[in-house]
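Take a look at the structure set out below.
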Amino acid sequence: MKGTSEQQFAPLRRFRQTIAAELGLIFEFGSTDRIASISKEQLSGYAAVGLKLAFDTPADKAAALAQTLFDAARAAGAKCLVFDGDDDQCVIWPQVIDACDTYIKKHKFSDLKAYKRSYHGKTNLTDYAHQTFGVDFSDNIISETDPLNDDQIAKIVLGWNIGLDDKIYDLSRDISAESLCKPKTIDISCRASVTPDNWIYGMRNGAVEAMRALEGKMRVHAPNNRVPQQEYYNEMLSSWLTLSPFGYGELCWRDFEAILCGSILIKPDMSHVVTYPDIFIPGETYLPVAWDYSNLEEVCTGVLQNTEQRDQIRRTARETLLKGLTAQSFIARLENTMKAAAVLDA
7 MKGTSEQQFA PLRRFRQTIA AELGLIFEFG STDRIASISK EQLSGYAAVG
57 LKLAFDTPAD KAAALAQTLF DAARAAGAKC LVFDGDDDQC VIWPQVIDAC
107 DTYIKKHKFS DLKAYKRSYH GKTNLTDYAH QTFGVDFSDN IISETDPLND
157 DQIAKIVLGW NIGLDDKIYD LSRDISAESL CKPKTIDISC RASVTPDNWI
207 YGMRNGAVEA MRALEGKMRV HAPNNRVPQQ EYYNEMLSSW LTLSPFGYGE
257 LCWRDFEAIL CGSILIKPDM SHVVTYPDIF IPGETYLPVA WDYSNLEEVC
307 TGVLQNTEQR DQIRRTARET LLKGLTAQSF IARLENTMKA AAVLDA
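Here my numbering is used: the sequence shown runs in plain steps of one and ends on residue 352.
Below, the structure written as structure tokens:
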């Protein structure tokens, strides 16, 4: 399992003592290698059993693992949960969501009807890349995402996103008040370059071209090389605005890093996504732009000229994220998730 996906469990480990004290929940973790020999006796006494799989698990293997584990779990009287660690809102294994009681996503569509349509490739973003830039996913491991039915959609429950990863949590504790006072020598920054053979190139290149169009009108920083992490953070600390385009999913660490560094997050409109921590409140915690960046200059110029709005967004976004990173806030989120999964009494 990739480390970034495993970070879905980071806050469970980070706040485990408080979770146990306040919610009475104790988590144990094991390998999927054990599923083949699992028995109901081994799961006796568990309130719930969860399954987490890598996105590239073949559909037939994913379905078999889910059925084996959840048959034993139900025999033991436990609820059956899937923790989906993917970057997107879609569900790639209809058979797995059929097998479970609750399917926990890092973020989901704000309009649930979006689950009732098919997508070319794995996600709504691969579909967008196909429709807009002609990217073909026919030979991809997931060439098509099927629509879900009402029973499957009803199982989707909101969990928490990558803003609770250790990387972001540690950064929130490392940034000093002094560094937040660093002079702003950049109006807008963005590191978004990828090679043309990457399917996200169309979306990323649109951001790069839009940034280039701003040169001469404001102080732009849009290099295409990689730099050490601290230098990257210093760029954000020096920037009034940070542009964060979509990648393999809508969210990325940069969204949270920018806000913690006191830079206003500029991002393609996120109104189609529901997530937690929610730092995507238009005009309050981030500034949305069109997916083709056609209004980037207008949005940037407006906020740069309005110092009161600029400072308010920076302050509100940072306070919102810092609150979302606290044990109290996460436990409230976890409680809601577990109540929705019927693991805790509503």
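Built from N, CA and C at the ideal position, the CB exists for glycine as well.
Between residue i and residue j, is the Cβ-Cβ spacing less than 8 Å?
| i | j | result |
| --- | --- | --- |
| L249 | A219 | no |
| R117 | H227 | The sequence given here has Asp at residue 117, not Arg. Going by C-beta atoms, D117 is not nearer than 8 Å to H227. |
| T24 | A352 | no |
| V309 | L302 | no |
| L293 | I272 | yes |
| L354 | Y121 | This structure cannot speak to residue 354, because the chain is shown only from 7 to 352. |
| S124 | E150 | yes |
| L131 | D193 | no |
| Y175 | L18 | no |
| C267 | Y299 | no |
| I110 | F89 | yes |
| H136 | G127 | yes |
| W259 | K173 | yes |
| G169 | F286 | no |
| D171 | Q48 | no |
| A54 | A347 | yes |
| R22 | F33 | yes |
| A84 | Y134 | no |
| R324 | I270 | no |
| N230 | S195 | no |
| D107 | Q158 | no |
| C96 | T63 | no |
| T291 | L257 | no |
| P283 | L243 | no |
| A26 | S50 | no |
| M276 | L31 | no |
Mind checking who residue i pairs with in its DSSP beta bridge?
| i | result |
| --- | --- |
| T125 | Note that residue 125 corresponds to Tyr in the displayed sequence, not to Thr. BP columns for Y125 point to T151. |
| F115 | V279 |
| K188 | Answer is none; K188 lacks a bridge partner. |
| S37 | Answer is none; S37 lacks a bridge partner. |
| T326 | DSSP, once it has assigned bridges, lists no residue as partnering T326. |
| Y292 | P288 |
| S195 | H227 and T248 |
| P274 | V295 |
| A54 | K85 |
| I110 | F89 and V163 |
The alpha helix (DSSP H) that contains residue i, what's its start and end?
| i | result |
| --- | --- |
| L177 | D172 to D180 |
| P17 | A16 to R20 |
| L257 | Where L257 is concerned, there is no enclosing alpha helix (DSSP H), given that its DSSP letter is neither H nor E. |
| G308 | L302 to Q311 |
| I159 | D156 to I159 |
| L331 | Note, L331: premise wrong, no alpha helix (DSSP H); not H, not E. |
| N211 | Y207 to R218 |
| N130 | N130 to F139 |
My assumption, with CB atoms under 8 Å, is that residue i sits in contact with residue j. Please give the rounded CB distance.
| i | j | result |
| --- | --- | --- |
| G255 | D93 | 3 Å |
| L29 | E341 | 6 Å |
| V102 | A72 | 5 Å |
| R225 | T191 | 7 Å |
| I41 | L75 | 5 Å |
| W166 | R339 | 6 Å |
| G140 | I206 | 14 Å between Cβ atoms; not a contact. |
| W99 | A65 | 6 Å |
| T138 | G208 | 6 Å |
| G91 | S37 | That belief does not hold up - the Cβ atoms of G91 and S37 are roughly 15 Å apart, past 8 Å. |
| P274 | R210 | The Cβ separation is near 11 Å, so there is no contact. |
Locate the beta strand (DSSP E) running through residue i, then write down its first and last residues.
| i | result |
| --- | --- |
| K85 | K85 to D90 |
| W435 | Only positions 7 to 352 of the chain appear in the structure, and residue 435 is not among them; the question remains open. |
| I162 | I162 to L164 |
Is residue i a contact residue of the ligand GTP, with contact defined as CB to any heavy atom under 7 Å?
| i | result |
| --- | --- |
| D62 | With respect to the ligand GTP, the structure shown offers nothing to examine, as it has no ligands at all. |
What are the start and end residues of each continuous alpha helix (DSSP H) run of 4 or more residues lying completely inside the stretch 220-252, in chain order? Entirely contained in the stretch 220-252, the alpha helix (DSSP H) runs reaching 4 residues are, in chain order, 235-243.
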